[in-house]
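Asker:
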Amino acid sequence: SINALSLPRTECGIIGSWYGGARPWVDLPKMADLYLSGRLQIDPMISRTYPLEDINVAYDALAAGEVARSIILFE
């Protein structure tokens, strides 16, 4: 939690962002092209994959800190 009263006194501020400043309509197609061409290595970042029926197991693993990134498969 943040003590909002301390922000002016300490001259700190909070800056928000949406998608980290990405432009999804521009950036996602570029990222997809990079991934499909093999220049963007995403697969090593995926800890586990889960079928949709195991979504609760996936959430439990995330909450327990067992995974960093998971993929839910809609098959």
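Using the working numbering, read the sequence shown as starting at 57 and increasing by one per residue. Glycine included, each C-beta is placed from N, C-alpha and C at the ideal position.
1) Give the straight-line distance between the Cα atoms of residue 112 and residue 90, rounded to the nearest whole angstrom.
2) Tell me whether residue 70 sits in a helix, a strand or coil according to DSSP, three-state version.
3) Along the chain, where does the beta strand (DSSP E) containing residue 91 start, and where does it finish?
4) If I follow the unbroken beta strand (DSSP E) through residue 106, where does it start and stop?
5) Would you call residue 78 buried or exposed, if buried means 16 or more other Cβ atoms sit within 10 Å of its Cβ?
6) Per DSSP, which residues does residue 126 bridge with? Please list them.
Answerer: Let me spell this out:
1) 31 Å
2) coil
3) It is not in any beta strand (DSSP E) - residue 91 instead sits in the alpha helix (DSSP H) that spans 80–92.
4) 104–107
5) exposed
6) 104
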